[in-house]
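Protein chains in written order, with numbering that gives the first Met the number 0: chain A, 0 to 515; chain B, 0 to 721. One structure is given below, encoded as structure tokens.
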Amino acid sequence: MHGLLASLQYGRWALPALLLIPLIGAGLIRFFGRSALPGQELQAAAWREVRVLALATFVAEAVVALGLWWWVDPDVAGYQAKLDYPWITDWGARFTIGVDGLSTVMILLTTLLMPLAVIGSWSVVTTKIRSYYSLLLLLTTGVIGVFVSLDLILFYVFWELMLIPMYFIIGIWGGRDRLQASLRYFIFTMLGSLLMLVAIVAVWMAAGETTFSVDALRAGNMSMSSQRWLFGAFFLAFAIKSAVFPFHTWLPDAQHEAPTTTAVALAVKVGAYGIVRFAMPLFPAAALDDGVRTIIIGLGVVGIVYGALVALVQPDFKKLVSYSSISHVGFIILGLFALSPQSVAGAMLVMVNTGVTSSAMMCALGMMHERRKTGRIENFGGIARVVPMMATLMTLIALSGIGLPGTNGFIGEFLVLLGSYTAYPIATVVAATGVVLGAVYALWAIQRVIFNPLDNPENRALKDLNARELGVLGTFAIVILWIGVAPGAVLHRLQGPATRFVTAISAGADRAPAAP
Amino acid sequence: MAVTHPLTGTVAELIWLVPLLPFLGFLINGVFSLSTAYLPGPLDPSQDPTSGHSGHTGEFAAVQATHHGHRHRWERATTIIGPAVVILSFLLAAAIAVTMIGAGSEAPFIQRYSTWMPAGTLQVEWAFQLDHLSMVMVLIITGIGSLIHLFSIGYMREDPGYARYFAYLNLFVVFMLALVLGANYPVIFVGWEGVGLCSYLLIGFWFSDSNNADAGKKAFIVNRVGDFGFLIAMFLLWSNLGALDFAGVAAKAATFPVGSGVITAICLFLFLGCAGKSAQMPLYIWLPDAMAGPTPVSALIHAATMVTAGVYLIARSSFLFALSPTASLTVVIVGGVTAIFAASIALKQWDIKKVLAYSTVSQLGYMFVGVGAGAYTAGVFHLVTHAFFKALLFLGSGSIIHAMHEAYHEGHAHHEDAQDMRNMGGLRHAMPWTWACMWVATLAIAGVPVFAGFFSKDEILGELFERAHGSTLANAHWLGIPGSAILYVFYGLGLVTAFMTAIYMTRMMIYTFHGESRTDPKARPHLREAPWIMTGPLAVLAVLSAAGGWLNLPEWFTEALPVGRGELLHHWLEPVVGPATVALTGAEPHTASSAEFALAAVAAACALGGILVAYLVLKPGKLTSASSSPEAHGVARMLEKKYFVDEVIHTLLVSPVIRVSRTLLWRGIDVGLIDGLMVNGSATVARGIAWVGARVQSGLVGNYAWAIALGVLGLVAVMTFG
């Protein structure tokens, strides 16, 4: 496979292609897709054209991305498929992109999730459909851009590029409370972004105003207190984006209001990726400062328990899933800051897992919402009788969410906790109670939705999954079991970056100057 | 290992096939189930005008309410595939066992299949470990499993979820086999949680009744509390010993001194896991509720196999427990207290399955007393005999419940509680086979001489008595209390428990089979014996319950009577648990045969005394039915209501957690503090600034001029004085 890709000179065009394909697709849809037509049949045909075009773009994107799986050698230190061009020469900002094992896995996750989500919610969006899919594609470019950027300014551009389409999608195609949700999303993320921009400029100035390259800035010499503040600004931006407690309250609303595909995109852990790629490597000494570490691990662990407890009492299933992701993010934080090879690799896998599992659940809930126009748990009950396949797959997804061995969820949480125990025994024990609490909220919700008496007459006529939906949820199920039983392939791609991350951060922290 | 293992190249290499066969069964039955199962209509109580809340309680309520005899579309195929895969597994396991006996190997036979979790220095493998202990468990699981699968054909055939039932049951066997065959703790944990999942699904099998769904959920959650302990134990192992596979852990553990705090912590957390899975105090609360599942499930999962996993885990980890007298004594104490506590509750239960459930909790307590005291063989021996007689008792009760339901249905009688023993009585006439088999099991569990339970229970109590003096355990201290005192006390309590066991079991037999029938007269003529597919397994288990003691006869018995060699199981398990046993007992303190005989005589007297007391007190002719029984008072009420433990937990734990989560965390912190005060607060501030800004940007040139003037003045001031 590697030979084939080499003969195609894959490394030279793959990353630019990943950035451009969604833009081209968005352009095609925006300018060539037919707009609203008179008559229902013509209208439906036009819609189908737009959807097919969008899906084709996403599939093309996924196919190109799939090459990275074989192309990137995770055991090689440094970035691969790297491209580097001058950009804003006055500032020293360059167009530098490249990937390692972690970004490969994150890109694959994103590009494979999107077509699944588009298929899974095929006919949900029915208004301004061309704009919707254009924005969704634009969003994809933003997400991929974040995963490939190796220059802070370039990264910041893509980071903000994610914000805008998301804001409009939630605000226009969202549910009843969409305006409130999109505004809250905007305020939260904007606040984080601006602080991060200030920090980026500060780092640049401290390093002599010549470069924004992530690698070059790593050795930046700064006083401990300014490092701490700047790290705080970066961490805040990423913590908000990945919904770390207590910066999480935008997520349940945004995911609840957003259409399924966008809710899926929200689940992709760009924020957590930012912590690994930027926040910690740029300020290793601050990240490993005892006080900072204690506070952040504290937030992570409290978030695990807090998210689980609040998930327990949610009357709406989608919000329950959001709070469960908030709980899972705590594991990522704990794993990253405990800084052992196992805990970091585990944290990276949890990033993937929350992407897979909460997206799968969002898709399933979207399908349920299409049927019943409600997501409130109390409106269901006993539906396993009428929709056995949906019930089976939902149960499997829920079990993956609570880390049942044999599913992906277990591997990530197990490695995080196992790797964190030596350094942080008490935090790990508290985090492990999440295992119990997870079972409580997940099984209670599953019981109230798919078990118990089938007592709501409106649920009697529910239709089970059709072939399209079965294909989507079935694919998720396969991924869940594949990572659970044979995680080697994924872990192999994460372990190299994780081990190098641990070494780099520990070494960087040792080199740092003492506080003045 | 440079030397080739004697089992290499033999049928033992096919050990992977043992769990794979049931897994294939699960896949096939699962497909059958999804293609047809639980469609709306026939199963739906609210669509059937005759049902509703007419008093259909207990098992079969859902089935009875519908067309009787509505069978699953794939019923024939399921009937063949479901049991066949397990029977084939058993045959293969038996062949492997025979090979093992012939090979006479001592070292475990480890088969590595692939790397499961590679993460830096951590390399967890998918690996099976076949040794003398896991072989015993594999035979029990597939052997008893086969019988229960066969019984299930008769019991579940009418159920519309027939294929789903067998799919779950097959999957359970898969995970249970993984649990006992795993060569490292994480693989065991896969089986450990997997059986918990199947238990959850099977307890809530008739999920349309929310009580059943509740019971399943409760089982899973309480088990997860235990699993939390198991996880922490694994983290401690990795953190301190740097290994998770048995060979690695055993090698590293040997470098720790006896009484090491780390090892004690590991053992105690492991035991928390065991307490969850094996229903010990305080985590026993899920098991009685688990009786909501179909009765063969109770027999297989909640009596013979899954609930004994904790005992297995301690025997498997004997090299750790041998280093920690404190943890071992804790196991004795928890097991002993659970045994007598559960036995006392069993004395006043009316639901036949609840009696058996509390009895199981109590008997598991015995097993823990055994393995806690370092009598690993005795604990495993009781595990084996208990699997025989308790599976038999549960299947027998299933046979009764099945007959009661059929009779109520056919006699068009008012449905009373078909599991309440007060509504039974005199069943020996209608069900002679079930009656005879259950008496065998009752004598076995009560510990009447020469029945299986007598030897196993006697061995536990006898070894406890032996170790109470002079052993490492007796010389150790538990929170300042001498180990010797603890062992003597629990020997005494063990005898009391044996006495109570005999009482509640005899009470159960008298209420169900003896005296006059108290069943609704309309249903009475329709009571009849179960079909052969159900009585057959009962008969096989009855033989095992009667003769199972031959597996490990004590020496005083083999010396007195020509019955072949004694202590077979002891010798068989020697390579696995021998070193740990010696470590905990000191040198092998062997009591004289005469003393052992005396101890056995005391135990037998307790059993016979209990039976006699129950018979004298209950007077079979004077029992009353459920509707005419008076409310219980005082101690009896306390026991009948199970010491109100569930109510206390609900009030003190469940409702507060939900209330705090809802009002304080969600509405208070999330919606109130973070969103309300901070987010919306900052929005309000922003709006305020915007308001000021809007006033400022009035578009009136005069205002701007003023502003510019003030600004210039300000700048000048700063430059002058700054």
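Glycine included, each C-beta is placed from N, C-alpha and C at the ideal position.
Is residue i close to chain B, meaning its C-beta is less than 8 Å from at least one C-beta of that chain?
i: Pro452 (chain A); result: yes
i: Gly405 (chain A); result: yes
i: Gln516 (chain A); result: Chain A is shown only over 0 to 515; residue 516 (chain A) falls outside these bounds and no answer can be derived.
i: Val300 (chain A); result: no
i: Val58 (chain A); result: no
i: Gly487 (chain A); result: yes
i: Thr391 (chain A); result: yes
i: Met388 (chain A); result: yes
i: His255 (chain A); result: no
i: Tyr166 (chain A); result: no
i: Trp443 (chain A); result: yes
i: Arg129 (chain A); result: no
At what residues does the alpha helix (DSSP H) containing residue i begin and finish?
i: Val379 (chain B); result: Tyr375 to Glu409
i: Ile376 (chain A); result: Counting along the chain, Ile376 (chain A) falls outside any alpha helix (DSSP H), and DSSP gives it neither H nor E.
i: Ile300 (chain B); result: Counting along the chain, Ile300 (chain B) falls outside any alpha helix (DSSP H), and DSSP gives it neither H nor E.
i: Gln348 (chain B); result: Unbroken run through Gln348 (chain B): none, as it is neither H nor E.
i: Pro655 (chain B); result: Ser654 to Arg658
i: Gln313 (chain A); result: From DSSP, Gln313 (chain A) is part of no alpha helix (DSSP H); its letter is neither H nor E.
Got a sec, what are the start and stop residues for the beta strand (DSSP E) residue i sits in?
i: Asp213 (chain B); result: Note, Asp213 (chain B): premise wrong, no beta strand (DSSP E); alpha helix (DSSP H) at Ser209 to Leu240.
i: Gln79 (chain A); result: Gln79 to Ile87
i: Val450 (chain A); result: Checking the sequence shown, residue 450 (chain A) turns out to be Phe, not Val. It is not in any beta strand (DSSP E) - Phe450 (chain A) carries neither H nor E in the DSSP assignment.
i: Ala289 (chain B); result: Unbroken run through Ala289 (chain B): none, as it is neither H nor E.
i: Ile482 (chain A); result: First-last for Ile482 (chain A): Ala466 to Val484, but that is the alpha helix (DSSP H), not the beta strand (DSSP E).
i: Arg93 (chain A); result: Ala92 to Val98
i: Trp125 (chain B); result: Leu121 to Leu129
i: Met389 (chain A); result: Taken as a continuous stretch (DSSP letters only), Met389 (chain A) belongs to no beta strand (DSSP E), being part of the alpha helix (DSSP H) at Pro387 to Gly400.
i: Pro117 (chain B); result: Phe108 to Ala118
Cβ of residue i within 7 Å of any heavy atom in the ligand SAM?
i: Ser133 (chain A); result: Ligands in the displayed structure: none, and consequently the ligand SAM is not present.
Say whether chain A places a C-beta atom closer than 8 Å to the C-beta of residue i.
i: Trp237 (chain B); result: yes
i: Arg466 (chain B); result: no
i: Val717 (chain B); result: no
i: Pro256 (chain B); result: no
i: Thr683 (chain B); result: no
i: Val62 (chain B); result: Note on Val62 (chain B): pLDDT 46, under 50, position unreliable in the model; the coordinate value appears next. Judged by the 8 Å Cβ criterion, Val62 (chain B) is not in contact with chain A.
i: Lys722 (chain B); result: Since the first and last residues shown for chain B are 0 and 721, residue 722 (chain B) lies out of range.
i: Ser198 (chain B); result: no
i: Glu157 (chain B); result: no
i: Phe596 (chain B); result: no
i: Ala289 (chain B); result: no
i: Leu170 (chain B); result: no
i: Glu192 (chain B); result: yes
Which chain A residues sit within Cβ distance under 8 Å of residue i?
i: Phe165 (chain B); result: Residues of chain A passing the Cβ test: none, with the nearest at roughly 15 Å.
i: Ile220 (chain B); result: Val435, Ala438, Val439 and Leu442
Cβ closer than 7 Å: which chain B residues qualify as neighbours of residue i?
i: Trp46 (chain A); result: The contacting residues do not exist; Trp46 (chain A) stays about 32 Å from chain B at best.
i: Val312 (chain A); result: Ile657, Ser660, Arg661 and Trp665
So which residues on chain B does residue i lean against when the C-beta distance must stay under 8 Å?
i: His327 (chain A); result: Result: empty, since nearest Cβ-Cβ is about 16 Å, beyond 8 Å.
For residue i, return the contacting residues in chain B, with the cut-off set at a CB-CB distance below 9 Å.
i: Val309 (chain A); result: Ser660, Arg661, Leu664, Trp665, Ile668 and Asp669
i: Gln494 (chain A); result: Pro117, Ala118 and Gly119
In chain A, which residues lie with their C-beta within 7 Å of the C-beta of residue i?
i: Phe204 (chain B); result: Correct list: empty, because the minimum Cβ distance to chain A is about 10 Å.
- Query: If you measure beta-carbon to beta-carbon, which residues of the segment 410-439 of chain A are closer than 7 Å to chain B?
  - Reply: Ile410, Leu414, Leu416, Leu417, Tyr420, Thr421, Thr427, Val428, Ala431, Thr432, Val434, Val435, Ala438 and Val439
- Message: Quick check on the DSSP output: what are the complete alpha helix (DSSP H) runs of length 4 or more inside the segment 579-647 of chain B, in order along the chain?
- Response: 592-617 and 633-639
- the segment 330-343 of chain A: which residues have C-beta closer than 7 Å to a C-beta of chain B, in chain order? Pro340 and Gln341
- Query: For the segment 140-190 of chain B, which segments carrying the alpha helix (DSSP H) assignment without a break, of at least 4 residues, lie completely within its bounds, in sequence order?
  - Reply: With a minimum length of 4 residues, the continuous alpha helix (DSSP H) runs that stay inside the segment 140-190 of chain B are 161-180.
- Query: If you measure beta-carbon to beta-carbon, which residues of the segment 182-200 of chain A are closer than 9 Å to chain B?
  - Reply: Leu182, Arg183, Ile186, Phe187 and Leu190
- Task: Can you check the segment 89-154 of chain A for any beta strand (DSSP E) of at least 3 residues that lies completely inside it and give the ranges in chain order?
- Result: 92-98
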